[in-house]
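In what follows, a structure is listed as structure tokens, so that the remarks can point back to it.
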Amino acid sequence: MNKINQFQFMLLISLFTVGNSILLLPELLYRTAYHDSWLAIIIGIGASLLINMLLLKLSQFYPDLTWVEISEKLLGKWFGGLVSVFMLFYLLYGVTVLLFLSGQFINIEIMPETPLVAFSITMAVIMVFGVRLGLVTLGRAAEIFFMLVTLLFILLLALLVPQMELTNIKPVLETPIKNIIHASFVYFSISGGPLVCFLMILPNTLRPNFKSFQLGSLIGGLFIFLTTLTCILVLGPNMQFETYPSYSIAKKVNVEDFITRIELIFAVIWFVTIYYKLALYFYATIKGFSDLFKLSKFTSISLPIAIIAVVLSTVIFPDTAYESMWLLTIYPFYSFTAGVILPILLLCAHFIKAVVSKLMVKESR
Numbered sequence: 109m110n111k112i113n114q115f116q117f118m119l120l121i122s123l124f125t126v127g128n129s130i131l132l133l134p135e136l137l138y139r140t141a142y143h144d145s146w147l148a149i150i151i152g153i154g155a156s157l158l159i160n161m162l163l164l165k166l167s168q169f170y171p172d173l174t175w176v177e178i179s180e181k182l183l184g185k186w187f188g189g190l191v192s193v194f195m196l197f198y199l200l201y202g203v204t205v206l207l208f209l210s211g212q213f214i215n216i217e218i219m220p221e222t223p224l225v226a227f228s229i230t231m232a233v234i235m236v237f238g239v240r241l242g243l244v245t246l247g248r249a250a251e252i253f254f255m256l257v258t259l260l261f262i263l264l265l266a267l268l269v270p271q272m273e274l275t276n277i278k279p280v281l282e283t284p285i286k287n288i289i290h291a292s293f294v295y296f297s298i299s300g301g302p303l304v305c306f307l308m309i310l311p312n313t314l315r316p317n318f319k320s321f322q323l324g325s326l327i328g329g330l331f332i333f334l335t336t337l338t339c340i341l342v343l344g345p346n347m348q349f350e351t352y353p354s355y356s357i358a359k360k361v362n363v364e365d366f367i368t369r370i371e372l373i374f375a376v377i378w379f380v381t382i383y384y385k386l387a388l389y390f391y392a393t394i395k396g397f398s399d400l401f402k403l404s405k406f407t408s409i410s411l412p413i414a415i416i417a418v419v420l421s422t423v424i425f426p427d428t429a430y431e432s433m434w435l436l437t438i439y440p441f442y443s444f445t446a447g448v449i450l451p452i453l454l455l456c457a458h459f460i461k462a463v464v465s466k467l468m469v470k471e472s473r
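The numbering of the sequence shown is the numbering used here, which starts it at 109 and goes up by one.
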């Protein structure tokens with residue numbers, strides 16, 4: 109059996125949603141929505157759940173087809189291929205960004221003397237190895253790693269309770285509504301929009317349903333919500349001075365001077381979740397290129413695509429300031445196009461094709 113079950117699918121969705129978001133979003137959202145960032149996440153989660161319904165509906169119409177195959181079926185070989193190319197470059201770009209971000213975090217916080225590219229290469233090797241083992245292996249491992257991540261996350265939150273100050277989230281709704289909406293858009297672009305890549309994975313899932321998809325997205329969103337809220341409660345206005353607030357709060361744990369600086373807990377959570385997001389992005393990318401070029405074995409291109417991604421990760425962002433600007437202003441529209449506009453386009457094409465088919469049947473009678 110080469111398919112994952114619904115429970116494993118839900119766990120993959122959850123780990124994917126958390127991914128790099130647990131590291132990036134608290135700081136990015138605070139730049140825009142300040143201490144009301146947690147409200148923006150609630151709106152972003154709601155938007156993600158609505159868009160998930162579009163993806164699920166598209167998958168229900170074509171349960172055995174991937175995104176590339178659906179595009180060609182509905183839009184024709186050439187225009188459908190063009191849409192697929194856009195999507196595949198979006199996915200490849202996602203792999204590249206994740207390789208850069210994973211290397212950047214380790215380089216800044218843990219091993220500043222080591223070149224960033226060394227970490228990108230290491231993550232790429234693990235990524236290729238995981239994908240070649242197969243989706244079923246990733247799904248089974250997720251059952252163990254999700255439990256580990258959840259237990260460590262609960263432990264971290266519990267140890268941070270003494271550091272929390274409720275005054276840090278007051279007054280509620282002080283931030284202008286447009287800023288909160290912008291922040292929710294950023295949340296969606298990083299945690300919600302990329303879920304479109306699961307249209308490359310759904311055909312390998314046993315009876316995927318509404319519940320497993322939505323519950324996985326909701327659980328992942330809850331992780332981000334609690335992380336961001338905890339950062340605000342612990343750090344308050346000092347969040348604006350932190351590159352990685354979620355990592356910084358782990359350093360503040362101090363229980364009777366006995367349990368201190370347990371940032372290793374956060375590092376484990378981050379590594380597991382970003383690895384799963386990276387591996388699933390990469391799986392969708394090579395599966396998509398394989399479908400586009402009609403290759404018999406999609407893993408055969410895993411190494412060349414990984415090398416391209418590593419090379420691009422060394423030049424993708426000139427500095428941290430540009431990276432933040434890009435994630436806040438440019439990437440949301442790119443993600444919205446791939447995660448919302450293109451699925452709507454395919455659904456419209458499906459319904460138009462269905463109506464035309466019915467009219468042709470009536471005329472033939």
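Even glycine gets a Cβ: it sits at the ideal position worked out from N, Cα and C.
Here the structure is a predicted model, which is why all the values come from computation and not from measurement.
8 Å Cβ cutoff met for residue i and residue j
i	j	result
residue 268	residue 342	yes
residue 338	residue 265	yes
residue 457	residue 183	yes
residue 432	residue 130	no
residue 253	residue 126	no
residue 494	residue 283	Nothing can be reported for residue 494: it is not among the residues displayed for the chain, which extend from 109 to 473.
residue 263	residue 112	no
residue 385	residue 124	yes
residue 202	residue 292	no
residue 114	residue 314	yes
residue 270	residue 171	no
residue 246	residue 387	yes
residue 236	residue 375	no
residue 420	residue 250	no
residue 128	residue 382	yes
residue 257	residue 377	yes
Beta-bridge pairing of residue i - partner residues as DSSP gives them
i	result
residue 112	313
Own chain residues within Cβ distance below 8 Å of residue i, not counting five before or after
i	result
residue 179	188, 189, 191, 192, 195, 454
residue 349	none
residue 162	448, 451, 452, 455
residue 157	322, 325, 326
residue 406	394, 395, 397, 398, 399
residue 411	236
residue 409	394, 397, 398, 403
residue 166	178, 307, 451, 454, 455, 458
residue 390	203, 235, 236, 239, 410, 413, 414, 417
Cβ distance (whole Å) where residue i is taken to contact residue j below 8 Å
i	j	result
residue 255	residue 395	Between residue 395 and residue 255 the Cβ distance is about 27 Å, and since that is not below 8 Å, they are no contact.
residue 207	residue 417	6 Å
residue 116	residue 248	7 Å
residue 173	residue 181	7 Å
Cutoff 7 Å; reference residue i; Cβ partners in own chain excluding five residues on either side
i	result
residue 164	318, 321
residue 304	163, 446, 447, 451
residue 357	268, 338, 339, 342, 343
residue 295	133, 137, 148, 149, 152
residue 479	The structure shown does not extend to residue 479, since the chain is modelled only from 109 through 473, so no value can be given for it.
residue 367	267, 361
residue 214	227
residue 232	207, 414, 417, 418
residue 290	140
residue 440	293, 294, 297
Same chain only: Cβ atoms within 6 Å of residue i, ignoring 5 sequence neighbours per side
i	result
residue 288	141, 144, 147, 148
residue 328	122, 125, 126
residue 443	297, 301
residue 204	417, 420, 421, 424
residue 211	224, 227, 228
residue 221	none
Contact between the region 298-307 and the region 442-452 is defined here as three or more beta-carbon pairs at a separation below 8 Å; is this criterion met?
Yes: at least three Cβ pairs fall under 8 Å.
Would you call the region 271-282 and the region 128-139 touching, i.e. three or more CB-CB distances under 8 Å?
Of all C-beta pairs linking the region 271-282 to the region 128-139, fewer than three are shorter than 8 Å, placing the two stretches out of contact.
Any contact between the region 424-440 and the region 223-231? By contact I mean 3 or more CB pairs, one from each, below 8 Å.
As far as the Cβ criterion goes, the region 424-440 does not touch the region 223-231, which means the pair count is below three.
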